[in-house]
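Beneath this line is the structure, given in structure tokens, with notes to follow.
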Amino acid sequence: MQSNAALEYDYTVAKLYTYTAILFGFVGMLIGTLIAAQLAFPELNYLLGEYGTFSRLRPLHTNVVIYGFTVSGIFATFYYLAQRVLKVSMAESKFIMFMGKLQFALYLVAATAMVITELMGYTQSKEYAQMEWPLDLLIVVIWVIWGIVMFALIGIRREKALYISMWYFIACFLGVAMLYLFNNMAIPTYFAAGGVGSIMHSVSMYSGTNDALVQWWWGHNAVAFVFTVPIVGMIYYFLPKESGQAVYSYKLSLLSFWGLMFVYLWAGSHHLLWSTVPDWMQTMGSIFSVVLILPSWGSAINMLLTMKGEWNQLTENPLIKFMVLASTFYMLSTLEGPIQAIKSVNAIAHFTDWIPGHVHDGVLGWVAFMIMAGLFHMAPRMFKREIYSKSLIEAQFWLQTTAVVLYFTSMWIAGITQGMMWRAVDEYGNLMYSFIDTVTVLHPYYAIRALSGVLFLTGFVMFAYNMIKTMTSSKVLTEEPQFKSPMA
Amino acid sequence: MFHWLEKNPFFFAVGVFLVIAFAGLVEILPNFAEASRPVAGLRPYTVLELAGKEVYKKDNCIACHSQLIRPFKAETDRYGQYSLSGEYAYDRPFLWGSKRTGPDLHRVGNYRTTEWHENHMWDPTSVVPGSIMPAYKHQFTNIADIATAYAEAVTVKNAFHTPYGDDIQPGKKAFEAYKPKVLAEAKKIAAQMKNKDVKDAVAAGKIPEVVALIAYLNSLGTSRYDAKSK
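This is the structure we're talking about:
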């Protein structure tokens with residue numbers, strides 16, 4: 330083993346992505362709160378004219394929180410922890426440093442262009458793949474640069490064995506690359522039609538049922554490789570680091586990783602149950618969704634057992650709270666998903682608000698909690714200052730936890746209510762409710778969901794404030810903290 | 015083996031890729047050709063309908079409306095015959111949606127009229143009291159992008175052999191020659207509408223978005239392959 334005492338890690342790029350994670354997190358959640366409120370109070374649709382309707386803003390919300398906030402969080406944590414687990418510094422190679430900065434610059438261009446084009450209404454209308462072809466090309470470049478940085482760092486590493494977190498980041502890189510390329514296969518019509526029409530427009534290479542299959546193979550696995558895989562990579566690094574505990578079981582992490590890789594991709598067709606996709610594919614999607622509980626719970630249990638004998642830290646350290654609750658929400662979400670993928674349950678749940686409810690216990694309770702905990706852990710090490718306020722983190726934790734609980738409980742009730750009302754028949758077998766009855770009944774739940782949005786957004790503002798204070802005016806640290814992040 | 019893989023990142027990456035690529039091959043490829051086939055007699059969307067589909071995409075109707083009727087009695091009672099794979103053969107992209115904040119639209123052309131849509135897009139609560147859908151008044155003044163819709167028809171005709179006529183050809187000249195046909199179709203719809211701005215625009219040779227959108231909505235359903243249904 331080489332001594333790494335003299336190794337000074339370079340956090341330039343990690344810091345840049347930390348800033349964008351905070352910025353896009355705020356913007357994305359603000360839009361989310363607005364559109365949640367629009368469903369309860371439709372007058373709010375007219376704040377920005379054509380650009381402010383629920384329908385135009387909804388993909389902007391999903392794209393900004395996914396590609397703005399979450400992906401920034403993934404890159405920020407990657408540029409921080411990859412150096413540390415590989416025992417190399419970005420500063421050791423001018424080339425790697427340049428590529429890292431270039432990747433960030435292009436990312437900022439792409440993210441800005443994404444917001445503008447989607448507001449203008451340029452869209453492929455495929456969920457989580459709305460961006461039109463010029464942006465798709467730019468994203469491919471950004472992704473390839475990330476791959477180059479990753480494998481260049483791996484190439485000059487001092488620690489020979491790849492730590493678990495790196496497995497997940499490599500998988501994130503490969504999985505998204507494969508899925509993104511295939512799902513976005515499209516022909517730009519301007520060129521194919523000899524210079525007629527808009528240069529932005531393209532037409533999908535797949536049609537109808539095939540397009541649906543490819544899209545949900547992507548849509549479901551974007552969840553896998555953006556919302557799950559790198560986030561699991563994060564918790565495998567940050568929880569042991571913050572708690573000073575070794576990962577509970579290496580074998581369990583092996584089983585969970587390879588199991589997740591193999592099983593996840595099969596489950597995409599559970600988004601298409603009862604559709605025109607062949608029955609055997611639907612059944613495969615359904616079965617593999619249930620099997621998926623194993624590797625998902627494997628990781629979560631591995632993390633919870635890492636805290637074995639050290640549960641007192643849960644009361645002492647709010648970052649441990651965030652991470653333990655994150656893995657708990659991960660368990661909830663990965664149990665709920667397979668339940669919804671059972672065909673008879675899906676018949677009621679599909680197309681209802683139970684689905685966004687399920688998504689949000691995952692993305693708020695698991696993804697956002699984990700990213701914020703990771704960034705809090707990184708802050709004292711990157712900025713060499715202690716975290717500005719512990720009590721603010723505590724308050725943020727309880728506020729946001731309340732928000733998540735309000736979100737999914739209200740959407741469970743809304744979804745099941747609506748699903749049951751759609752199919753309710755009277756004694757003669759006639760439908761009991763017109764469609765609008767099933768909309769107006771949801772008003773109270775939509776109002777609760779909007780409130781939950783306000784609470785979560787408020788918590789996020791507290792997070793942003795705490796981070797900015799930590800960067801600028803908190804007490805300076807003379808040496809790097811080993812485990813528990815110092816906080817005032 | 016796993017220890018060895020963890021020390022050899024290249025083979026590790028190859029291993030991961032094989033494991034994740036496997037499912038896609040098994041689930042997507044076998045049925046690919048069959049799922050591309052249209053139902054008998056299905057006609058492709060007209061250029062005006064394609065322009066309307068672009069309005070549908072631009073204002074992102076799929077955020078709240080599905081186009082997929084599932085094979086349950088409650089759904090066929092409400093929306094009509096359940097959806098068939100072959101009905102989507104010319105849908106690029108598919109627009110099934112994943113959320114029904116509003117009702118399904120796959121057969122909306124079978125039971126709603128131009129007049130109803132005009133009132134609904136101008137003020138949803140005027141025809142559906144209690145509706146939470148926003149009004150889309152900007153569609154009455156924004157002009158639809160017919161050139162791009164035409165370019166799409168050319169592209170799918172040449173790339174995927176979608177059965178369009180010989181008058182759909184690449185190039186600006188061919189488009190100029192085709193334009194009057196689109197306008198003629200738009201005029202038929204505008205004749206059934208009452209909004210004065212829309213009527214004036216169409217008379218002046220411009221097609222507002224709402225006209226194209228209504229053409230598209232009217233085409234949804236069984237009329238594109240079954241003449242008796244309308």
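Each protein sequence line maps, in turn, to chains A and B.
The first sequence begins at 330 in the working numbering and counts up by one.
The second sequence begins at 15 in the working numbering and counts up by one.
Heads up, the beta-carbon is just placed ideally off N, CA and C, and yes, glycines get one too.
Asked: Whole alpha helix (DSSP H) elements within the stretch 387-460 of chain A, 4-residue minimum; Found: 400-415, 423-449
Asked: For Pro517 (chain A), the first and last residue of its enclosing beta strand (DSSP E); Found: 515-517
Asked: Integer Cβ distance of Met632 (chain A) from Ser662 (chain A), believed to fall under 8 Å; Found: Incorrect: roughly 14 Å between the Cβ atoms, too far for contact.
Asked: Buried versus exposed, by CB contacts within 10 Å (16 or more), Gln811 (chain A); Found: exposed
Asked: Endpoints, the beta strand (DSSP E) within which Val532 (chain A) is located; Found: 531-533
Asked: Sequence-distant residues of the same chain with beta carbon closer than 6 Å to Tyr348 (chain A), five excluded per side; Found: none
Asked: Beta-carbon gap between Ser401 (chain A) and Tyr346 (chain A) smaller than 8 Å; Found: yes
Asked: Sequence-distant residues of its chain with Cβ nearer than 8 Å to Glu20 (chain B) (five each side left out); Found: Phe26
Asked: Beta-carbon proximity of Val525 (chain A) to Ala161 (chain B), cut-off 8 Å; Found: yes
Asked: Buried versus exposed call for Ala350 (chain A) [16 or more other C-beta atoms within 10 Å across all chains shown]; Found: buried
Asked: Cβ-based burial, Asn374 (chain A) [other Cβ within 10 Å; buried from 16]; Found: buried
Asked: Chain-ordered chain B contacts of Trp727 (chain A) [CB-CB under 9 Å]; Found: Result: empty, since nearest Cβ-Cβ is about 31 Å, beyond 9 Å.
Asked: Proximal residues, the stretch 711-736 of chain A versus chain B, C-beta separation under 9 Å; Found: none
Asked: Residues that Arg84 (chain B) bridges to, as DSSP identifies them; Found: None, per the DSSP bridge assignment.
Asked: Close beta carbons around Ala226 (chain B), own chain, < 7 Å, minus the five adjacent residues each side; Found: Leu62, Ala65, Gly66, Val69, Ala158
Asked: Contact set between Pro148 (chain B) and chain A, taken where Cβ atoms lie within less than 8 Å; Found: Gln367, Pro371, Asn374, Tyr375, Thr382, Phe383, Ser384
Asked: Span of the alpha helix (DSSP H), counted from its first residue to its last, around Asp211 (chain B); Found: 210-217
Asked: Integer Cβ distance of His600 (chain A) from Ser112 (chain B), believed to fall under 8 Å; Found: 7 Å
Asked: Member of A:Leu721, A:Ala676, A:Ala724 whose CA lies at the smallest distance from the CA of Arg752 (chain A); Found: A:Ala676
Asked: Neighbourhood of Ser233 (chain B) by C-beta distance below 7 Å, restricted to the same chain and skipping five residues each side; Found: Tyr59, Glu63, Gly123
Asked: Per-residue DSSP class, three states only, for Leu735 (chain A); Found: helix
Asked: Length of the line joining the Cα atoms of Gly694 (chain A) and Tyr659 (chain A); Found: 8 Å
Asked: Contact list for the stretch 185-197 of chain B against chain A, Cβ threshold 7 Å; Found: Gly185, Lys186, Phe189
Asked: Classification of Lys71 (chain B) by the beta-carbon crowding that lies within 10 angstroms, buried from 16 upward; Found: buried
Asked: Minimum Cβ-Cβ distance from Ser598 (chain A) to chain B less than 8 Å; Found: yes
Asked: Contacting positions in the stretch 393-411 of chain A - beta carbon closer than 9 Å to chain B; Found: none
Asked: Residue burial classification, Tyr102 (chain B) (beta-carbon count within 10 angstroms, cutoff 16); Found: buried
Asked: Beta carbon proximity, Tyr519 (chain A) to chain B, threshold 8 Å; Found: yes
Asked: Pro815 (chain A) beta carbon less than 8 Å from that of Ile716 (chain A); Found: yes
Asked: Segment limits, alpha helix (DSSP H) that includes Ala191 (chain B); Found: 186-205
Asked: Euclidean distance between Cα positions of Gly627 (chain A) and Lys637 (chain A); Found: 15 Å
Asked: C-beta neighbour in chain B for Met330 (chain A), strict 8 Å; Found: Low local confidence applies: a pLDDT of 44 at Met330 (chain A) is under 50, so the model's placement there is unreliable, and no value is given.
Asked: Phe25 (chain B): first and last residue of the uninterrupted alpha helix (DSSP H) it sits in; Found: 23-42
Asked: Where Met816 (chain A) falls: helix, strand or coil (DSSP); Found: strand
Asked: For Lys804 (chain A), three-class secondary structure by DSSP; Found: coil
Asked: N- and C-terminal bounds of the alpha helix (DSSP H) containing Gly686 (chain A); Found: 683-691
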